[in-house]
Amino acid sequence: MKKTLQLLIGFLFFVKIIPSYAYFSDINTENQFYEAVLYAQEQGIIDGYDDNTFRPDNNINRAEFVKIIMGSVFDVEEISGENCFSDVSNEWFAKYVCTAKTNSIIQGYPDGLFHPEYDISFTEAAKIILLGFEVEINSDEDIWYRPFIQNLSDKKAIPTTITEIDKKITRGEMVEIIYRLKENILNFDSMIYQDDVLTFTWYQPTPKTSWQWQLSGDIDTAYDVDMYDIDLFDTPQSIIDELHSENKKVICYFSAGSFEEFRDDAEDFPEEILGEELEGWEDEKWLDVSNYQEFASIMEDRLDLAVEKECDGVEPDNMDGYANDSGFDLTYDDQVVYSKWIAEEAHERNLSVGLKNALDQIDDVIDYFDFAVNEQCFEYDECDLLIEFIDQNKAVFGVEYELEPQEFCVSANEMSFSWLKMDYELDGGRIGCEEF
């Protein structure tokens, strides 16, 4: 009988048990497909060439591709057939191609041929993979390949080397797609499909992305999470590099709405744009965001620093000066204009950007921000306001300081929020709702 989806992706090139170490002479840690290839090796699902190479840059043809899919989806005794296309008779690949045709996974070309020798394009591969995986696809689209590519795009499963939809895919790219689908990896860089074009975009965390938030103390890099949110200025480059080496994304925190006298760039702020102290923070003052042009270059430099340190995104804090005693006659519109400007500047640098608290701005700025970061929405009964992010497939990260995990974690998980119990110091100690 047909194999279950759990076994579906256990394939690649030939079913052969191979050692669980990276023995391909042309694959090392510098290769962008290294992790995917190593994973496939450890699962016993790929085979290389007789000279112990994998040749990740080689194209794969339609016959090889279909054999891999069918050999993974069906039991051996179910794979049979021949003479199903005029150019497919009794060759080694015939039974795989004919089984795929019988099960409506492939159709062939309008000329009635299968063309087994053709290198397979990304559009063709997307359709065969997803039909083989029995993924439900919206069939209302007039152009046949669009829903398949869109599905892979939504799953963050398109390697950044695939820059055009009609590109012939390589062995390395195929392994990477399979690895991402198999392990449901959502935090790798992926191409975005829109208007029939594949484009690279900044990191866009999705709901239920796991995270750690630490803004003080020595960073504990040991947490098994998808993303770290850490201080832009204080975090050593070595920590960011270490996190990236473990395939963890890095969001870099800085205050975009306040002056902090302890920062290296503090002397660059004009005195006239410094307002009242933030309540409880004697070394911080509100900024006059209605005249943000006066300190725009400082914020641009901070965003440039985030790029230099290879942050994947930023968390600009204190974006609600108008709602506080700032010392300035700030309006809601002043704040929204500034919030949008910060987001646009981040995106120009290919940085993801999060909306910190500022719940009343969501309707006006959500299209500019990629995720939300919130403090204590469960304590203050404000979490429903953040659902709009989830509805747009954007992550909502948050923390509770006073409530116990059993008071909010079940609800947070049901809402697809990524929530933590932490101390106010944000010094690394945490209880994650993923444990509940």
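Residue numbers (this note's numbering): -12 to 423. Ideal placement from N, C-alpha and C gives every residue a C-beta, glycine not left out. All values derive from a computational prediction rather than experimental measurement.
According to DSSP, residues forming a beta bridge with residue i
i: Asp211; result: Partner(s): none; Asp211 has no beta bridge.
i: Glu362; result: Val386
i: Glu121; result: Glu121 is not bridged to any residue.
i: Gly300; result: Ile238, Ser339
i: Tyr180; result: Leu185
i: Thr157; result: Asn46
i: Ser108; result: Lys155
i: Lys142; result: According to DSSP, which records beta bridges pairwise, Lys142 is partnered with nothing at all.
i: Asp350; result: Beta-bridge pairing links Asp350 to no other residue.
i: Val75; result: Phe72
i: Gln199; result: Tyr215
i: Phe404; result: BP columns for Phe404 are empty, so no partner.
i: Ile226; result: DSSP, once it has assigned bridges, lists no residue as partnering Ile226.
i: Trp328; result: Trp328 is not bridged to any residue.
i: Leu261; result: Leu274
C-beta contact flag for residue i and residue j at 8 angstroms
i: Lys195; j: Phe175; result: no
i: Leu290; j: Val276; result: no
i: Glu389; j: Glu366; result: yes
i: Asp216; j: Tyr240; result: yes
i: Thr157; j: Ile47; result: yes
i: Thr89; j: Gly68; result: yes
i: Asp182; j: Ser197; result: no
i: Phe384; j: Asn400; result: no
i: Lys236; j: Asp299; result: yes
i: Ser232; j: Tyr180; result: no
i: Trp200; j: Leu342; result: no
i: Tyr96; j: Val53; result: no
i: Ile136; j: Ile56; result: no
i: Asp357; j: Lys381; result: yes
i: Thr222; j: Ile206; result: yes
i: Lys327; j: Val360; result: no
i: Arg49; j: Ile107; result: yes
i: Lys374; j: Lys296; result: The identity of residue 374 in the sequence shown is Ile, whereas the question assumes Lys. Against a cut-off of 8 angstroms, the Cβ pair of Lys296 and Ile374 comes out as no contact.
Chain-order list of residues whose beta-carbon lies under 8 angstroms from that of residue i (same chain, five-residue window excluded)
i: Glu331; result: Tyr355
i: Pro257; result: Glu281, Phe282
Cβ neighbour criterion (16 or more within 10 Å) applied to residue i
i: Thr86; result: buried
i: Tyr319; result: exposed
i: Ser91; result: exposed
i: Trp131; result: exposed
i: Pro303; result: buried
i: Ala27; result: buried
i: Gly416; result: exposed
i: Ile203; result: The question names Ile, but residue 203 in the sequence shown is Ser. It is exposed - the Cβ of Ser203 has fewer than 16 other Cβ atoms within 10 Å.
i: Gln348; result: buried
i: Tyr8; result: A caution first: Tyr8 carries a pLDDT of 46, below 50, which makes its placement in the model unreliable, though a value can still be read off. Tyr8 is exposed by the Cβ-count criterion.
i: Asp288; result: exposed
i: Ser242; result: buried
i: Glu51; result: buried
i: Gln280; result: exposed
i: Ser225; result: exposed
i: Val397; result: exposed
i: Ser405; result: buried
i: Val184; result: exposed
i: Ser339; result: buried
i: Asn171; result: exposed
i: Asn449; result: This structure cannot settle anything about residue 449, because the visible part of the chain is limited to -12 through 423.
i: Asn138; result: buried
i: Gly244; result: buried
Cβ shell of residue i (< 6 angstroms), same chain only, five flanking positions each side left out
i: Lys272; result: Phe246, Leu261, Gly262, Glu264
i: Ala345; result: Met306, Asp307
i: Leu173; result: Lys143, Thr193
i: Arg336; result: Leu290, Val294
i: Phe395; result: Phe365, Glu387
i: Ser403; result: Pro194, Lys195, Ile377
i: Asp218; result: Leu202, Tyr240
i: Cys71; result: Cys85, Lys88
i: Ser177; result: Lys143, Ile145
i: Glu412; result: Ser203
Any C-beta of chain C under 8 angstroms from that of residue i
i: Val276; result: Here there is only one protein chain, and chain C is not present.
Beta-carbon contacts of residue i that lie in its chain and below 7 angstroms, excluding the five residues immediately before and after
i: Phe20; result: Pro43, Gly159, Val162, Glu163
i: Leu230; result: Thr208, Tyr215, Val237
i: Lys114; result: Tyr132, Phe135
i: Pro392; result: Lys408, Ile418, Cys420, Phe423
Stretch pair the region 62 to 70 + the region 20 to 33: three plus CB contacts closer than 8 angstroms: no
Meets three-Cβ-pair contact criterion under 8 angstroms: the region 92 to 106 and the region 68 to 82: yes
Any 3 or more C-beta pairs closer than 8 angstroms across the region 305 to 318 and the region 247 to 254: no
Touching by the beta-carbon criterion (3+ pairs, under 8 angstroms), the region 9 to 22 and the region 114 to 124: no
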